[in-house]
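Visitor:
In the numbering used here, the protein residues as written are 166 to 411.
1) Taking the beta carbon of residue 353 as the centre, do at least 16 other beta carbons fall within 10 Å, making it buried, or is it exposed?
2) With 16 as the cutoff for other CB atoms within 10 Å, does residue 232 come out buried or exposed?
3) For residue 360, which three-state DSSP category applies?
4) What residues are listed by DSSP as bridge partners for residue 194?
5) Helix, strand or coil for residue 327, going by three-state DSSP, please let me know.
6) Per the contact definition of three or more C-beta pairs closer than 8 Å, is the segment 332–346 in contact with the segment 292–306?
7) Would you say the segment 207–217 touches the segment 243–260, given that touching needs at least three Cβ pairs under 8 Å?
8) In this structure, does DSSP put residue 373 in helix, strand or coil?
9) Is residue 369 near residue 331, with beta carbons less than 8 Å apart?
10) Kindly list the residues whose CB is nearer than 8 Å to the CB of residue 245, restricted to its own chain and excluding five residues on each side of it in sequence; keep chain order.
11) If you count every other CB in all the chains shown that lies within 10 Å of the CB of residue 190, and 16 or more means buried, which is it?
12) Note the first and the last residue of the continuous alpha helix (DSSP H) segment covering residue 283.
13) Excluding sequence positions up to five away, which residues of its chain have a Cβ less than 7 Å from the Cβ of residue 322?
14) Need the endpoints of the alpha helix (DSSP H) that residue 408 sits in, please.
15) Drop a sphere of 10 angstroms on the beta-carbon of residue 300, count the other beta-carbons inside from all chains shown, and report buried for 16 or more, exposed for fewer.
16) Just to confirm my understanding: we take residue 318, look at its own chain, exclude 5 residues before and 5 after, and list those with CB closer than 6 Å. What are they?
17) In the DSSP output, what is residue 221 paired with across the bridge?
18) I'd like to check one pair, residue 325 with residue 175: are the Cβ atoms closer than 8 Å?
19) At the level of alpha carbons, what is the spacing between residue 338 and residue 209?
20) CA-CA distance, residue 197 and residue 249?
21) Measure from the alpha carbon of residue 359 to the alpha carbon of each residue in 380, 351 and 341, then state which is nearest.
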């Protein structure tokens, strides 16, 4: 996550989903995986904020996002009710070599675990720029801060937390994308997967890793979410719904 992304159309969908779950009694813990702004045009899809008809999905959220410029605004406005946040920037780009990057990352992750696992969160949301690293790639690589890792997600899961993380399909073909959606199964014993995809701007998916005893409840909640306007046909003609379940 970068502050430059705040208010983007993808942000609207992300908070719409998390707010719905929070409203159903799920305590959300957010690890922003915050990285420095990079001066790119990413996060530019904000024209929707000038179109009042977009308020139909969550008008309160729609209005609040008009005045949010950074993740601290999201936290202060309690856009995700009762959420717990870990907001430390993950900055390994200036480190000298892999050993130093690893040390920085390990300490950052330790602090995130302490914050999010002791403050009552049920569901940990990881919001990296690009999704998960390949299981065989070390997070100490250059630009590794743009990704979460299966091991970091596993650490939350092993603490009894359910997890959900941001991931985009990029240029993966159907077979590679199917593998990507199921990769948590490689490291989390018994995990049940639910995938929701948001279809405006660039395609964004939210991959849930749920403990088996709580899967039915989450599946029920997700199906309820898809019955709201978020899961119905887009306000613009000939568009698929904003959210679909894969």
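All C-beta atoms, glycine included, are put in the ideal place defined by N, C-alpha and C.
Guide: This is what the structure gives:
1) buried
2) exposed
3) strand
4) Per DSSP, 249 and 289.
5) Residue 327: strand per DSSP, three-state reduction.
6) yes
7) no
8) strand
9) yes
10) 180, 183, 184, 187, 193, 195 and 239
11) exposed
12) 263–283
13) 328, 353, 356 and 374
14) Element bounds for residue 408: not the alpha helix (DSSP H) but the beta strand (DSSP E), 408–410.
15) exposed
16) 328
17) Beta-bridge pairing links residue 221 to no other residue.
18) no
19) Straight across, the Cα-Cα distance linking residue 338 with residue 209 is about 26 Å.
20) About 11 Å.
21) Minimum Cα-Cα distance from residue 359 among the listed residues 380, 351 and 341 corresponds to 380.
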